[in-house]
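Counted the way numbering that gives the first Met the number 0 counts, the sequence shown spans residues 0 to 264.
Don't be surprised by glycine CBs; every beta carbon is placed ideally from N, CA and C.
Computed from a predicted structure; not experimentally measured.
Inspection log for the structure reproduced underneath, given as structure tokens.
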Amino acid sequence: MSYDVVEYTRHVQTLLERGVSFVTATLVGIRGSAPQILGARAIITSSGIEGGTIGGGKIEAATISHAQDLLQNGGTNCELVIWNLQTDIGMTCGGEVRILFEVHANSTWPIAVFGAGHVAQALVRCLVTVHCSLTCVDPRQEWLDKLPDSSKLSKICAESPEALVSGFPMNTFFVLMSKGHATDLPVLAEILKQRQAPYVGVIGSKQKASVLRRDLAAMGLSSAQIASFHCPMGLPIGNNTPAEIAISITAQLLEQRDSLVQRSC
Numbered sequence: 000m001s002y003d004v005v006e007y008t009r010h011v012q013t014l015l016e017r018g019v020s021f022v023t024a025t026l027v028g029i030r031g032s033a034p035q036i037l038g039a040r041a042i043i044t045s046s047g048i049e050g051g052t053i054g055g056g057k058i059e060a061a062t063i064s065h066a067q068d069l070l071q072n073g074g075t076n077c078e079l080v081i082w083n084l085q086t087d088i089g090m091t092c093g094g095e096v097r098i099l100f101e102v103h104a105n106s107t108w109p110i111a112v113f114g115a116g117h118v119a120q121a122l123v124r125c126l127v128t129v130h131c132s133l134t135c136v137d138p139r140q141e142w143l144d145k146l147p148d149s150s151k152l153s154k155i156c157a158e159s160p161e162a163l164v165s166g167f168p169m170n171t172f173f174v175l176m177s178k179g180h181a182t183d184l185p186v187l188a189e190i191l192k193q194r195q196a197p198y199v200g201v202i203g204s205k206q207k208a209s210v211l212r213r214d215l216a217a218m219g220l221s222s223a224q225i226a227s228f229h230c231p232m233g234l235p236i237g238n239n240t241p242a243e244i245a246i247s248i249t250a251q252l253l254e255q256r257d258s259l260v261q262r263s264c
């Protein structure tokens, strides 16, 4: 192979952690003469070769170009290409190669958690173990400092968290668990006014949900907007400890994410 499995794995892990889309190109078939051994592999991003090689020269240029076309245009996750080195690539050797292109598009799952209290601490620790891009917002820096350090997690200290809502991607999942009703309400109202988020959840009881819906109605939000958030949130499993509440919320987030994927297929 063009470089060992340890280096390959390291490159892939780095790109995944950075949220960079990439293509792996693997030489899976050779007929006649070819500039690399069977199994040669390269990792290609929009910037070019990230690691490995398919053989250099014209064949590598063609491989990079094709991989970048796949990244730009989408439409397939896996494609086997057969190239004649003379007629397709313009090389003098008369061989044929088969290259398997596998696209690993960045499909980051954005989640915004408003609040960094006890349940949020447990929830963030659950969420950093799955493939997502996580942001935690709280006006208390000392609580943000207690959160784990992770390349998947951004910590934002803000006195007016509701002002940050517009800056999140439209496909963001929102989880509200701040100090209480008075701090959850303005963030919730901003979310519901600005967008139809794929998921909005507020920690609390059915009684809190009733109060939130009453206050949102008084603020002029529509019945559809008011009905679109989860409160209580999380699946009906476990007990009321922060750890088990966090697991139930994580499970509901995964359930909602997967249902959206299934509906889009």
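- Secondary structure of S132 (DSSP, three-state): strand.
- A24 sits in a strand when the DSSP states are folded into three classes.
- A residue is called buried once 16 or more other Cβ atoms fall within 10 Å of its Cβ, and S177 is buried on that count.
- G31 has its alpha-carbon roughly 23 angstroms from the corresponding atom of T23.
- Taking a contact as a CB-CB distance under 8 angstroms, the pair F172 and P197 counts as one, their CB atoms being some 6 angstroms apart.
- If you draw a straight line from the Cα of P241 to the Cα of K145, it comes to about 15 angstroms.
- Within the same chain, V22, T75, E78, F100, V102 come within 8 angstroms of L69 by CB-CB distance, once the 5 residues on both sides are set aside.
- Using a C-beta cut-off of 8 angstroms, the region 55 to 69 makes contact with the region 91 to 100, since at least three inter-stretch Cβ pairs fall below that distance.
- Counting only residues of its own chain and dropping the five nearest sequence neighbours on each side, G94 has a CB closer than 7 angstroms to the CB of I29, R30, G31, S32, A33, L84.
- By a beta-carbon distance limit of 8 angstroms, F113 contacts V186. Their separation comes to about 5 angstroms.
- In the same chain as V27, and ignoring 5 residues on each side of it, the C-beta atoms closer than 6 angstroms to its own belong to R97, L99, in chain order.
- 8 angstroms or more divides the Cβ of L259 from the Cβ of S247.
- Only residues of its own chain outside the window of five on either side were considered, and among them V201, G203, A208 have a CB closer than 6 angstroms to the CB of C230, listed in chain order.
- Here H10 is buried. Its C-beta has 16 or more other C-beta atoms within 10 Å.
- When beta bridges are read from the DSSP output, P109 appears opposite S132.
- Less than 8 angstroms separates the beta-carbon of P168 from that of P109.
- DSSP places G237 outside both helix and strand once states are collapsed to three, so it counts as coil.
- Under DSSP, I88 forms no beta bridge with any residue.
- Residue environment: C135 is assigned as buried (16 or more neighbouring CB atoms within 10 Å of its CB, all protein chains considered).
- In the DSSP assignment, A61 falls outside any beta strand (DSSP E) and lies within the alpha helix (DSSP H) extending over 56 to 72.
- For D257 and S153, the gap between their C-alpha atoms comes out near 24 angstroms.
- Note on geometry: alpha-carbon atoms of V5 and S221 lie some 55 angstroms from one another.
- For A208, no beta strand (DSSP E) segment is defined; the enclosing uninterrupted segment is the alpha helix (DSSP H) at 205 to 217.
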